[in-house]
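Below is one structure; the comments refer to it alone.
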Amino acid sequence: MFTTRFSHAALLKKKVISSSTRSFNASALLTQKKTSNEESIDASLAKAASESQLSLSSSELIYRPELWKGLPSSVVVQLYRARVIALGKNYKRSDVELKSILSNAANPLEAQTLYNIYNSTEADIYKADSETDYDNYVTEGEYMEDPLEPYGFDEYPSGAQDIVRDFRDLMEFNRKAAFELPQLAQYRKPYNPVSKKDAPIIYKYTRFIGESHPGERKVVLQLKLKDLQLNENAQHKFKLLSGSRYDHKTDIFLMSSDRYLEPAQNASFLSDVLSDLIKESNNKPEEYADIPLDKRFTNSKYAKKQRKNKNFIPFPKEWERPHQADKRTIRLTNVVDAAGNV
1115 MFTTRFSHAA
1125 LLKKKVISSS
1135 TRSFNASALL
1145 TQKKTSNEES
1155 IDASLAKAAS
1165 ESQLSLSSSE
1175 LIYRPELWKG
1185 LPSSVVVQLY
1195 RARVIALGKN
1205 YKRSDVELKS
1215 ILSNAANPLE
1225 AQTLYNIYNS
1235 TEADIYKADS
1245 ETDYDNYVTE
1255 GEYMEDPLEP
1265 YGFDEYPSGA
1275 QDIVRDFRDL
1285 MEFNRKAAFE
1295 LPQLAQYRKP
1305 YNPVSKKDAP
1315 IIYKYTRFIG
1325 ESHPGERKVV
1335 LQLKLKDLQL
1345 NENAQHKFKL
1355 LSGSRYDHKT
1365 DIFLMSSDRY
1375 LEPAQNASFL
1385 SDVLSDLIKE
1395 SNNKPEEYAD
1405 IPLDKRFTNS
1415 KYAKKQRKNK
1425 NFIPFPKEWE
1435 RPHQADKRTI
1445 RLTNVVDAAG
1455 NV
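According to the working numbering, the sequence shown holds residues 1115 to 1456 in order.
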């Protein structure tokens, strides 16, 4: 009996302790919940304060469509376009963005229109374009509403239109020649040809229009030896070093090169060779003064030209009959009078 009472008293004591503990836990939970609510409110206030500091030109607004509400409609449109461009392929429609756009609608009809435009695709826009006749759309030139319109004799035919067009082009150039070309006279400058003593060398290039040809890389260097202003012994040594590239009858030195792929490279190579020739010609030229010049190549070249004209027979002078001018004179007045009497 005593044991039972003791057990019952222990249970009562345990119940009292548990009830006091439960009340303590409830108060702690209330305090914790109150603290969390205060922290969330503080965070919301801090977030609102930071968002209120954003300007309309801030790039953060592009990625925060929930902040578009209350902004002018033109600003919302600019932010929407900037968001689509910035995200690119990663752009996706969202309800938050749609609500921000619809918040600028003045009436339900405008809101429905914005909703349809926002959710429309490129195919829907193509179908909704009722003004453009894509079946008869001309891809080149101006748009023709009806290319099969019958000829109503209200315009020149095609041939006459071409004549009028050419005449207009001619008149345009005539106007330029009459009014614009005389203005170029103020830029007129006298032509002063370059002296051969200052620029004695001529570089000749070859161009094949409309195609690529390996002969374009060839460059020919030409000059007259007297333009180099060398002394007599140096000129003689230069002729000896030139060999068959010098023509003693015309006093012309020719040299060509197609060794490199670019014409500029070949021209530079010829310039270097010519510089070496001139330098070597001025190096003790009197030692080569007694060596005769070999003219066989030049004589052979001109002999071939003479053999080509070997069968040329001059016209006999005794056969020539020069025509003498007619001494008769004709008066035009007599001719006109005679024609009037007929």
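Virtual Cβ for every residue (Gly too), placed ideally from N, Cα, C.
### Query
For the beta strand (DSSP E) that contains residue 1228, what are its first and last residues?
Within the sequence shown, numbered from 1, the residue matching residue 1228 stands at position 114. Run containing residue 1228: none in the beta strand (DSSP E); it sits in the alpha helix (DSSP H), 1222-1233.
### Of the residues 1361, 1192, 1373 and 1436, the one placed nearest residue 1411, counting alpha carbons only
What you label residue 1411 is simply residue 297 of the sequence shown in a count that begins at 1. With distances taken between CA atoms, residue 1411 lies nearest to 1361 out of 1361, 1192, 1373 and 1436.
### Task
Give a yes or no on whether the C-beta atoms belonging to residue 1179 and residue 1214 are separated by under 9 Å.
By 1-based counting over the sequence shown, the position of residue 1179 is 65. By 1-based counting over the sequence shown, the position of residue 1214 is 100. Going by C-beta atoms, residue 1179 is nearer than 9 Å to residue 1214.
### Message
I'd like the list of long-range same chain contacts for residue 1188, defined as Cβ closer than 8 Å, with 5 residues on each side in sequence excluded.
### Response
Taking the first residue of the sequence shown as 1, we reach residue 1188 at position 74. Excluding residues within five positions, none has a Cβ falling inside 8 Å.
### Query
Is residue 1392 helix, strand or coil when you go by DSSP?
Locating residue 1392 in the sequence shown gives position 278, where the first residue counts as 1. Under the three-state reduction of DSSP, residue 1392 is assigned to helix.
### Query
residue 1422 to residue 1405, Cα distance in whole Å?
Translated into the one-based positions of the sequence shown, residue 1422 becomes position 308. Translated into the one-based positions of the sequence shown, residue 1405 becomes position 291. Straight-line measurement puts the Cα of residue 1405 at about 33 Å from the Cα of residue 1422.
### Query
Relative to the C-alpha of residue 1373, which residue among 1190, 1347 and 1383 is closest?
Translated into positions along the sequence shown, residue 1373 becomes position 259. Minimum Cα-Cα distance from residue 1373 among the listed residues 1190, 1347 and 1383 corresponds to 1383.
### Task
For residue 1309, name the three-state secondary structure that DSSP assigns.
Start at 1 with the first residue of the sequence shown, and residue 1309 comes out as number 195. Residue 1309: coil per DSSP, three-state reduction.
### Task
Would you tell me roughly how many angstroms separate the C-alpha atoms of residue 1163 and residue 1235, rounded to the nearest one?
Here the question's residue 1163 lines up with position 49 in the sequence shown. Here the question's residue 1235 lines up with position 121 in the sequence shown. The predicted model places residue 1163 with a pLDDT of 46, which falls under 50 and marks its position as unreliable; any figure quoted below should be read in that light. For residue 1163 and residue 1235, the distance between alpha carbons rounds to 38 Å.
### Query
With C-beta atoms as the reference, is residue 1395 less than 9 Å away from residue 1335?
Indexing the sequence shown from 1 puts residue 1395 at position 281. Indexing the sequence shown from 1 puts residue 1335 at position 221. No.
### Message
Measuring only the C-alpha atoms, how far is residue 1368 from residue 1317?
### Response
Along the sequence shown, one-based indexing puts residue 1368 at 254. Along the sequence shown, one-based indexing puts residue 1317 at 203. Distance between the alpha carbons of residue 1368 and residue 1317 is about 10 Å.
#### Entry: Rounded straight-line distance, which links the Cα of residue 1420 to that of residue 1426
On the sequence shown, position 312 is the one that residue 1426 refers to. On the sequence shown, position 306 is the one that residue 1420 refers to. Roughly 10 Å separates the two Cα atoms.
### Query
What do you get for residue 1281, buried or exposed, if any count of 16 or more other CB atoms within 10 angstroms of its CB means buried?
Residue mapping note: residue 1281 aligns to position 167 of the sequence shown, counting from 1. Exposed, by the Cβ-count rule.
### Task
With residue 1194 as the anchor, note down where its alpha helix (DSSP H) starts and where it stops.
Here residue 1194 refers to the residue found at position 80 of the sequence shown. Taken as a continuous stretch (DSSP letters only), the alpha helix (DSSP H) holding residue 1194 covers 1187-1201.
### Candidates 1386, 1363 and 1293: closest to residue 1409 by CA position
Position 295 of the sequence shown, counting from 1, holds the residue named residue 1409. It is 1363 whose Cα lies nearest to the Cα of residue 1409.
### Task
Compute the distance between the beta-carbons of residue 1337 and residue 1314, then report whether it is under 9 Å.
If you number the sequence shown from 1, residue 1337 lands on position 223. If you number the sequence shown from 1, residue 1314 lands on position 200. Yes, Cβ-Cβ distance for residue 1337 and residue 1314 is below 9 Å.
### Task
Quickly, what does DSSP pair residue 1368 with across the bridge? List them, please.
Working through the sequence shown from its first residue, we reach residue 1368 at position 254. In DSSP, residue 1368 forms a bridge with 1336.
### Query
Between the C-alpha atoms of residue 1191 and residue 1233, what's the straight-line distance to the nearest angstrom?
Indexing the sequence shown from 1 puts residue 1191 at position 77. Indexing the sequence shown from 1 puts residue 1233 at position 119. So the alpha carbons of these two residues sit roughly 15 Å apart.
### Task
Determine the burial state of residue 1434: buried for a count of at least 16 other Cβ atoms within 10 Å of its Cβ, exposed for fewer.
In the sequence shown, counting from the first residue as 1, residue 1434 sits at position 320. A residue is called buried once 16 or more other Cβ atoms fall within 10 Å of its Cβ, and residue 1434, having fewer, is exposed.
### Query
Quick one: what's residue 1318 bridged to in DSSP?
Within the sequence shown, residue 1318 is the residue found at index 204, counting from 1. Per DSSP, 1334.
### Message
Tell me the rounded alpha-carbon separation between residue 1291 and residue 1297.
### Response
On the sequence shown, position 177 is the one that residue 1291 refers to. On the sequence shown, position 183 is the one that residue 1297 refers to. Cα-Cα distance, rounded: 10 Å.
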